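Trainee: Using our numbering, the letters of the sequence shown correspond one by one to residues 32 to 480.
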Amino acid sequence: MVKICCIGAGYVGGPTMAVIAVKCPSIEVAVVDISISRIQAWNSDHLPIYEPGLDEVVKQRRGKNLFFSTDIERHVAEADIVFVSVNTPTKTRGLGAGKAADLTYWESAARMIRQDCRREILSNPEFLAEGTAILDLFNPDRVLIGGRETSDGRKAVETLKSVYAHWVPEDKILCTNLWSAELSKLAANAFLAQRISSVNAMSALCEATGADVAQVAHAIGTDSRIGPKFLKASVGFGGSCFQKDILNLVYICECNGLAEVAGYWKQVIKVNDYQKSRFVNRVVSSMFNTVAGKKVAILGFAFKKDTGDTRETAAIDVCKGLIGDKAHLRIYDPQVSEEQIQRDLALNKFEWDHPAHLQPPAAGADKQVSVVGDAYEAAKGAHAVCVLTEWGEFKGLDYGRIYEGMQKPAFVFDGRNVVDVEKLREIGFIVYSIGKPMDSWLKDMPAVA
Ligand code: ADP
Numbered sequence: 032m033v034k035i036c037c038i039g040a041g042y043v044g045g046p047t048m049a050v051i052a053v054k055c056p057s058i059e060v061a062v063v064d065i066s067i068s069r070i071q072a073w074n075s076d077h078l079p080i081y082e083p084g085l086d087e088v089v090k091q092r093r094g095k096n097l098f099f100s101t102d103i104e105r106h107v108a109e110a111d112i113v114f115v116s117v118n119t120p121t122k123t124r125g126l127g128a129g130k131a132a133d134l135t136y137w138e139s140a141a142r143m144i145r146q147d148c149r150r151e152i153l154s155n156p157e158f159l160a161e162g163t164a165i166l167d168l169f170n171p172d173r174v175l176i177g178g179r180e181t182s183d184g185r186k187a188v189e190t191l192k193s194v195y196a197h198w199v200p201e202d203k204i205l206c207t208n209l210w211s212a213e214l215s216k217l218a219a220n221a222f223l224a225q226r227i228s229s230v231n232a233m234s235a236l237c238e239a240t241g242a243d244v245a246q247v248a249h250a251i252g253t254d255s256r257i258g259p260k261f262l263k264a265s266v267g268f269g270g271s272c273f274q275k276d277i278l279n280l281v282y283i284c285e286c287n288g289l290a291e292v293a294g295y296w297k298q299v300i301k302v303n304d305y306q307k308s309r310f311v312n313r314v315v316s317s318m319f320n321t322v323a324g325k326k327v328a329i330l331g332f333a334f335k336k337d338t339g340d341t342r343e344t345a346a347i348d349v350c351k352g353l354i355g356d357k358a359h360l361r362i363y364d365p366q367v368s369e370e371q372i373q374r375d376l377a378l379n380k381f382e383w384d385h386p387a388h389l390q391p392p393a394a395g396a397d398k399q400v401s402v403v404g405d406a407y408e409a410a411k412g413a414h415a416v417c418v419l420t421e422w423g424e425f426k427g428l429d430y431g432r433i434y435e436g437m438q439k440p441a442f443v444f445d446g447r448n449v450v451d452v453e454k455l456r457e458i459g460f461i462v463y464s465i466g467k468p469m470d471s472w473l474k475d476m477p478a479v480a
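(1) How far does the alpha helix (DSSP H) with PHE169 in it reach, from first residue to last?
(2) So, at 7 Å on beta carbons, what are the nonlocal neighbours of GLN225 in its own chain, with the 5 sequence-adjacent residues on each side left out?
(3) Need the endpoints of the beta strand (DSSP E) that ASP384 sits in, please.
(4) Run the CB neighbour count on GLY436, radius 10 Å, all protein chains shown included, and call it buried at 16 or more, exposed below.
(5) Out of curiosity, what's the CA-to-CA distance linking LEU262 and LEU223?
(6) Which class does ASN208 belong to by DSSP, given the choice of helix, strand or coil?
(7) Between the C-alpha atoms of GLU180 and ASN208, what's the straight-line distance to the nearest angstrom?
(8) Run through the DSSP bridge pairs and tell me what PHE98 is partnered with.
(9) For VAL302, which residues in the same chain have their Cβ closer than 7 Å to its Cβ, ignoring the five residues on either side in sequence?
(10) Assuming contact is defined by CB atoms lying nearer than 8 Å, are ARG173 and LEU217 in contact in what I supplied?
(11) Less than 6 Å between C-beta atoms, sequence neighbours within five positions excluded: which residues of the same chain meet that for VAL188?
(12) Does the region 237-247 come into contact with the region 283-293, if we say contact requires no fewer than three beta-carbon pairs (one atom in each stretch) closer than 8 Å?
(13) Measuring only the C-alpha atoms, how far is GLY404 from PHE444?
(14) What I want to know is whether the C-beta of ASN155 ends up closer than 7 Å to one or more non-hydrogen atoms of the ligand ADP.
(15) Quick check: does the Cβ of ASN118 come within less than 7 Å of any heavy atom belonging to the ligand GDP?
(16) Can ILE347 and ALA409 be called in contact, C-beta distance under 8 Å?
(17) Roughly how many angstroms lie between the CA atoms of ALA293 and ASP429, to the nearest whole one?
(18) For ALA131, I'd like the list of residues in its chain whose CB is within less than 6 Å of its CB, leaving aside the five on either flank, ordered along the chain.
(19) On the DSSP bridge assignment, give the partners of SER464 in chain order.
(20) For GLY267, collect the residues of the same chain with a Cβ closer than 6 Å to its Cβ; drop the 5 residues on either side in sequence, then sort them by chain order.
(21) Using only the heavy atoms of the ligand ADP, determine whether one of them is closer than 7 Å to the beta carbon of ARG69.
(22) Rounding to the nearest angstrom, what Cα-Cα distance links LEU166 and ALA128 in this structure?
(23) According to DSSP, what are the bridge partners of CYS417?
(24) What whole-angstrom Cβ distance do MET48 and LEU97 have, given they're in contact under 8 Å?
(25) I'd like to confirm the pairing. Which residues does DSSP put opposite ALA132 in its beta bridges?
(26) Going by C-alpha distance, which of THR101, CYS148 and GLY125 is nearest ASP111?
(27) Which residues in the same chain as ALA221 place their Cβ atom closer than 6 Å to its Cβ, once the five residues preceding and following it in sequence are excluded?
(28) Are at least three pairs of beta-carbons, each pair with one atom in the region 410-418 and one in the region 321-334, less than 8 Å apart?
(29) Near VAL314, which residues of its chain fall below 6 Å by C-beta distance, leaving aside the five closest residues on each side in sequence?
(30) Closer than 7 Å: is that where the CB of TYR42 sits relative to any heavy atom of the ligand ADP?
(31) Looking at VAL416: is its Cβ nearer than 8 Å to the Cβ of VAL449?
(32) Excluding the 5 residues flanking THR420 on each side, which residues of the same chain have their C-beta closer than 8 Å to its C-beta?
(33) Is it the case that the Cβ atoms of LEU360 and VAL400 are separated by a distance below 8 Å?
Structural data, given as structure tokens:
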């Protein structure tokens with residue numbers, strides 16, 4: 032029996048290994064982590080991450096050929112193949128701070144593996160999207176394996192290929208050299224994020240001119256060379272990968288003396304930051320240029336729907352911006368805990384993935400922020416509602432009921448284009464929806480930066 036060990040039981044390691052265990056009953060898979068609580072959660076009924084379909088897959092194989100353990104040394108020593116899926120956060124200090132990947136955790140895992148025996152190194156970047164990770168893993172667009180172009184390297188590539196070949200068609204398993212695999216991962220995320228920043232940049236122009244960004248996106252997306260996916264305007268992209276991978280790409284470009292290339296990709300992040308501050312400015316300027324002491328309901332905190340993940344979520348920057356303007360926030364997200372929200376709002380940029388910063392927040396950390404159990408409670412007595420995650424349930428809310436309970440004039444700022452703008456205007460709301468023709472009220476307000 033082939034044995035696999037995966038170091039790092041996070042968003043990547045957990046789901047990927049669970050799917051390998053399901054698809055390859057002849058392979059024994061051990062997922063190990065230094066975090067005792069994380070491993071305990073993987074062995075319980077409450078998995079440490081929310082991902083549609085994950086519970087079923089884990090239940091099916093756990094205790095059979097899928098194991099979660101903190102005994103890292105033993106499982107690494109016994110394994111034929113070791114995956115490393117530990118965190119590689121953006122450095123917060125020192126050389127390359129704010130750009131380069133912090134490889135501390137990766138190096139510590141690598142040194143541990145090296146104690147055991149010499150192994151061939153492969154690059155096997157993941158391309159799963161949170162919220163659809165299990166479906167993506169079952170039916171990937173491609174699997175990418177990079178290896179050294181030596182006979183040992185080629186042999187190792189073949190070994191890993193044979194694992195994926197249990198369920199992935201051969202023509203979808205791409206084999207490249209190490210740098211190609213590494214850069215393909217960064218490039219894929221940079222291209223995806225670039226599409227979002229492009230449509231978000233257009234959304235600002237749509238608002239200024241009276242165009243509707245959804246119509247523009249549809250019109251350009253029907254061009255088969257462009258395609259319709261990833262053209263939805265929003266308050267900005269988030270997630271653990273897009274920003275981190277682009278910053279890393281920028282850093283590698285700079286290290287290679289390619290300032291223009293670095294500047295090109297940096298702009299994708301700048302537009303994303305611009306989109307978030309533009310949203311905050313719009314909220315403040317629409318509400319008579321002050322939100323001090325006003326109650327603002329925040330619907331959604333996760334970086335996208337169907338995940339509880341808040342890493343780099345646009346909600347953090349938007350909430351911090353509103354808190355900075357002295358608003359009182361009442362936040363609701365169906366999957367994110369109060370502890371997580373308070374911690375996210377207390378951390379500085381790039382600190383979230385550095386365990387040293389991850390102490391629990393002090394009770395009542397921020398008196399300007401409370402977290403509540405549903406959207407109606409969040410909106411009760413509020414001056415404004417901001418939709419920051421496209422959770423399906425926000426489409427079907429009883430907005431008439433919400434309107435009744437709010438201060439007047441009642442504002443809705445839709446950062447994900449989920450609400451029915453016309454319907455809400457009929458109810459009486461003043462509605463701002465990204466990249467959509469403006470309410471006459473908003474048009475008359477002073478221009479935002
Ligand atoms: P990702 O989204 O890339 O999966 P996560 O932060 O969700 O990242 O998961 C990374 C996991 O790796 C964490 O659970 C962390 O405890 C674990 N980890 C970090 N360093 C090590 C190490 N040296 N040995 C074992 N596990 C580690």
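Virtual Cβ for every residue (Gly too), placed ideally from N, Cα, C. Keep in mind the model is a prediction, meaning the values are calculated, not measured.
Mentor: With the given structure in hand:
(1) 164-169
(2) VAL299
(3) No beta strand (DSSP E) holds ASP384; DSSP gives it neither H nor E.
(4) exposed
(5) C-alpha separation (whole angstroms): 10 Å.
(6) strand
(7) 7 Å
(8) ALA61
(9) SER228, ASN231 and ALA232
(10) Taking 8 Å as the Cβ cut-off, ARG173 and LEU217 do not qualify as a contacting pair.
(11) The residues are ILE176, GLY178 and CYS206.
(12) Contact fails: fewer than three Cβ-Cβ distances are below 8 Å.
(13) 20 Å
(14) no
(15) Among the ligands modelled here, namely the ligand ADP, the ligand GDP does not occur.
(16) no
(17) 47 Å
(18) LYS122 and TYR282
(19) ASP445
(20) ASN303, GLN306, LYS307 and ALA345
(21) yes
(22) When rounded, the distance between both Cα atoms is 35 Å.
(23) Note: CYS417 is bridge-paired with ILE329 and PHE444 in the DSSP secondary-structure output.
(24) 7 Å
(25) THR121
(26) Of THR101, CYS148 and GLY125, the residue nearest in Cα terms is CYS148.
(27) ILE277, LEU280 and TRP296
(28) yes
(29) Contacts found: PHE444.
(30) yes
(31) Taking 8 Å as the Cβ cut-off, VAL416 and VAL449 do not qualify as a contacting pair.
(32) Closer than 8 Å at Cβ, skipping near neighbours: LEU330, GLY331, PHE332, ALA333, PHE334, LYS335, LYS336, THR344, ALA346, ASP364 and ARG447.
(33) Result yes, Cβ atoms of LEU360 and VAL400 sit closer than 8 Å.
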